[in-house]
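Input: a single structure, listed below in structure tokens.
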Amino acid sequence: MQFEQLGPYRLGKKLGQGGMGAVYEGIDVDSGETAAVKVLSPSLAADEGFRVRFEAEIDSLKKLRHPNIVRLYGYGEQSGTLFYAMELVRGTSLEDELRAARRFDWREVTAIAIKLCRALKHAHDHGVIHRDLKPANLLLAETGEIKLSDFGIARLFGNTRTTSDGGVLGTAEYMAPEQADGRNVTDRCDQYSLGGVMYTLLAGRPPFRAHTLVEMLQMQRYAEPEPVTRYAPETPAELARIIHQLLEKEPERRFANTMMLARSLEAMERGLSVSMSGHGDDFILTPPERPAVSSSSYNPLAATLSPSELSDAYEIDVDESSGPVTAATVARSAVENEAEPSGASAAPEEPPADRFTKVDETSEPPHSLSETLSVIFAPQTVALVAGLVLLVAGGWYLMRPESADELFTRIDAAAGEGDLESLKEVRRDMDDFLARYPSDPRAEQVRSYVDEARASSPVQRAYAEAKRYLLVSPETAMAKFQALIDVYDDGQDGSELTQRYVRLARLEQQRLQKRVARYIDEGRLLVEARLEKAEKLAADDPAAARKMYEGIVELYGDKPWADSLVRRAKDALAEAPQRQAAAR
Numbered sequence: 012m013q014f015e016q017l018g019p020y021r022l023g024k025k026l027g028q029g030g031m032g033a034v035y036e037g038i039d040v041d042s043g044e045t046a047a048v049k050v051l052s053p054s055l056a057a058d059e060g061f062r063v064r065f066e067a068e069i070d071s072l073k074k075l076r077h078p079n080i081v082r083l084y085g086y087g088e089q090s091g092t093l094f095y096a097m098e099l100v101r102g103t104s105l106e107d108e109l110r111a112a113r114r115f116d117w118r119e120v121t122a123i124a125i126k127l128c129r130a131l132k133h134a135h136d137h138g139v140i141h142r143d144l145k146p147a148n149l150l151l152a153e154t155g156e157i158k159l160s161d162f163g164i165a166r167l168f169g170n171t172r173t174t175s176d177g178g179v180l181g182t183a184e185y186m187a188p189e190q191a192d193g194r195n196v197t198d199r200c201d202q203y204s205l206g207g208v209m210y211t212l213l214a215g216r217p218p219f220r221a222h223t224l225v226e227m228l229q230m231q232r233y234a235e236p237e238p239v240t241r242y243a244p245e246t247p248a249e250l251a252r253i254i255h256q257l258l259e260k261e262p263e264r265r266f267a268n269t270m271m272l273a274r275s276l277e278a279m280e281r282g283l284s285v286s287m288s289g290h291g292d293d294f295i296l297t298p299p300e301r302p303a304v305s306s307s308s309y310n311p312l313a314a315t316l317s318p319s320e321l322s323d324a325y326e327i328d329v330d331e332s333s334g335p336v337t338a339a340t341v342a343r344s345a346v347e348n349e350a351e352p353s354g355a356s357a358a359p360e361e362p363p364a365d366r367f368t369k370v371d372e373t374s375e376p377p378h379s380l381s382e383t384l385s386v387i388f389a390p391q392t393v394a395l396v397a398g399l400v401l402l403v404a405g406g407w408y409l410m411r412p413e414s415a416d417e418l419f420t421r422i423d424a425a426a427g428e429g430d431l432e433s434l435k436e437v438r439r440d441m442d443d444f445l446a447r448y449p450s451d452p453r454a455e456q457v458r459s460y461v462d463e464a465r466a467s468s469p470v471q472r473a474y475a476e477a478k479r480y481l482l483v484s485p486e487t488a489m490a491k492f493q494a495l496i497d498v499y500d501d502g503q504d505g506s507e508l509t510q511r512y513v514r515l516a517r518l519e520q521q522r523l524q525k526r527v528a529r530y531i532d533e534g535r536l537l538v539e540a541r542l543e544k545a546e547k548l549a550a551d552d553p554a555a556a557r558k559m560y561e562g563i564v565e566l567y568g569d570k571p572w573a574d575s576l577v578r579r580a581k582d583a584l585a586e587a588p589q590r591q592a593a594a595r
């Protein structure tokens with residue numbers, strides 16, 4: 012059904028089309044204000060389960076009132092069609108900036124991240140997790156302000172009756188490992204995704220690249236990203252450390268919340284004494300000169316990827332005859348039953364009454380504790396107290412001992428140089444760190460740097476070699492850690508250095524055990540499926556089957572867990588000429 016007006020909005024040009032509906036530019040006939048009006052497919056409204064989810068998501072959007080989050084203006088239903096109106100942000104997305112080959116420097120990335128941390132903290136305090144944070148959902152307005160859009164797949168905390176926590180929702184390149192596993196999703200999933208976005212803005216590429224969705228999800232679960240400084244060498248060591256902490260596989264190793272993350276980023280700025288035209292909220296990003304694009308075209312309801320674009324992202328062959336693929340395709344198999352109503356769902360005999368609810372801009376949303384405190388402590392009072400505190404703190408700051416972060420920044424930067432002399436130059440910093448901060452989580456890493464500065468022994472080289480396999484072959488890394496233990500843990504060598512590396516190898520091995528077991532199980536299932544596919548192809552397309560067998564041998568020939576599967580592929584290759592001769 013075509014609409015000329017929905018609620019108070021007269022519909023203008025279509026801004027986008029997606030699998031669940033369309034987006035139009037709308038003009039409020041009373042106020043003249045513009046909005047992005049998102050019109051859902053009528054078939055969705057006929058599904059009672061979808062209606063429940065829609066109402067829950069609208070309830071979550073109503074709670075969000077933050078300058079860096081796209082606002083909800085209102086929502087309603089007309090002639091059985093659900094719709095809602097959002098703030099129309101004219102500008103571009105960070106995804107478009109990246110596609111235009113823009114590289115962001117570390118100051119810009121820090122400013123963006125601080126703003127997003129505060130926006131996410133606001134959402135998390137109101138029980139909303141974004142779940143799909145990515146450059147396409149981050150809008151750079153013409154004013155230079157950054158806006159977080161598309162809470163379309165966000166769910167309320169604890170909402171287990173209307174949707175399953177086991178569903179895999181989100182874009183795979185930025186998906187947290189626990190989300191890829193179908194485990195319970197928490198606000199720290201958004202931290203992982205934010206770390207991936209920061210990495211991408213600096214490096215010009217995401218932390219992982221894969222040929223298939225399954226491979227990408229495996230990498231999110233088990234692989235370690237390369238240091239961001241490899242692609243953006245000007246990145247400060249402390250910022251690189253923060254990003255890689257956000258990309259930790261275990262949620263508890265990330266930050267306690269995004270406000271703590273924002274404070275760490277601000278402390279890093281101060282520590283580096285960066286001269287900027289402003290910092291934190293005052294840093295203005297300027298989009299390059301190019302045609303302005305409406306924010307709504309980046310919402311999954313409006314945004315579509317052409318088959319060629321999807322192919323570029325994952326290097327997958329896509330059948331262009333199938334038409335455009337929505338941005339949610341990366342997880343569609345896990346949620347298809349939720350997104351589409353079943354054939355058994357019957358539309359109501361009479362459509363519900365038309366309605367439109369406007370979100371009152373004058374009313375305040377429910378406040379979180381942090382927001383309530385910010386009201387109690389008015390800016391004037393804070394300014395007076397802050398002035399007194401600064402007078403006292405100024406003298407202390409000049410005489411205070413260096414913090415663990417400041418020491419580690421210098422130590423880690425020297426280690427990143429990759430040569431022994433650089434580490435020797437920060438030997439005093441390392442001793443100071445270990446003496447004053449022995450329980451710091453980074454102390455073990457500093458001890459390993461001390462060992463490297465003292466000598467380059469065979470056990471150190473063996474440990475370093477095992478670590479190099481963590482990314483490309485976790486099971487090989489685990490085998491090498493075991494070999495190191497077998498060789499050096501015999502009770503004969505009294506060297507503290509040797510025994511420390513034996514202990515480190517044991518810790519790495521324990522950390523890897525569950526990951527490797529899952530990696531092997533999933534790998535075997537994947538290869539088994541490809542073998543079955545090749546066997547079915549053998550009769551009708553022997554050339555394609557042969558290529559698939561050869562690929563299995565090439566990819567998995569050195570994997571001990573795939574021995575029996577690789578042997579099947581080799582046997583099939585050996586038998587192929589005989590089958591072809593018999594067929595002739």
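Under the working numbering, the first residue of the sequence shown carries the number 12, and numbering increases by one thereafter.
Where is the CB? At the ideal position from N, CA and C, for every residue including glycine.
Excluding residues up to 5 positions away in sequence, Leu213 and Ala214 lie with their Cβ nearer than 6 Å to the Cβ of alanine 243 in the same chain. DSSP links alanine 516 through a beta bridge to no other residue.
Here the stretch 72 to 85 lies against the stretch 155 to 163, with 3 or more beta-carbon pairs under 8 Å apart. Judged by beta-carbon spacing, phenylalanine 65 lies beyond the 8 Å limit of leucine 22, meaning their Cβ atoms are not closer than that value.
The C-alpha of leucine 224 lies about 14 Å from the C-alpha of proline 217. The count of Cβ pairs closer than 8 Å, one atom from the stretch 53 to 64 and one from the stretch 113 to 130, stays below three, leaving the stretches out of contact. Here threonine 368 is exposed. Its C-beta has fewer than 16 other C-beta atoms within 10 Å. Taking alanine 425 as reference, the option from Arg194, Arg232 and Glu249 with the minimal CA-CA separation is Glu249. By the Cβ criterion, the stretch 97 to 115 is in contact with the stretch 141 to 157, since at least three pairs of Cβ atoms, one from each stretch, lie closer than 8 Å. Within the model, the alpha-carbon separation for serine 90 versus alanine 47 is close to 20 Å. For the beta strand (DSSP E) assignment, the uninterrupted runs of no fewer than 3 residues enclosed by the stretch 25 to 82 are, from N- to C-terminal side, 32 to 39 and 45 to 51. Residue state for glutamate 476 is assigned as helix, using DSSP reduced to three classes. Under the rule that a run must span 3 or more residues, no beta strand (DSSP E) segment is found entirely inside the stretch 221 to 258. Annotated as proximal: alanine 555 and leucine 548, with beta-carbon spacing under 8 Å.
Glutamate 106 places its beta carbon less than 8 Å from that of proline 146. Contact between the stretch 131 to 142 and the stretch 29 to 46 is absent: fewer than 3 CB-CB pairs across the two stretches fall below 8 Å. Taken atom to atom, the span from the alpha-carbon of threonine 197 to that of proline 262 is near 9 Å.
Straight-line spacing of the CA atoms in glutamate 561 and alanine 585 works out to 11 Å. For arginine 438, the closest C-alpha among the options Asp451, Phe419 and Ser450 is that of Phe419. Under the three-state reduction of DSSP output, serine 414 falls in the coil class, being neither helix nor strand. Linking arginine 194 to glutamine 229 through their CA atoms gives a straight-line distance of about 14 Å. The Cβ atoms of leucine 537 and proline 485 lie no closer than 8 Å to each other. Assignment of glycine 91 by DSSP, reduced to helix, strand and coil, places it in the coil class. Around the C-beta of glutamine 13, fewer than 16 other C-beta atoms lie within 10 Å, and the residue is accordingly described as exposed. Rounded to the nearest whole angstrom, the CA to CA distance from alanine 573 to valine 63 is 46 Å. Rounded to the nearest angstrom, the gap between the Cα atoms of arginine 265 and alanine 251 is 14 Å.
Within the model, the alpha-carbon separation for glutamate 428 versus valine 239 is close to 14 Å.
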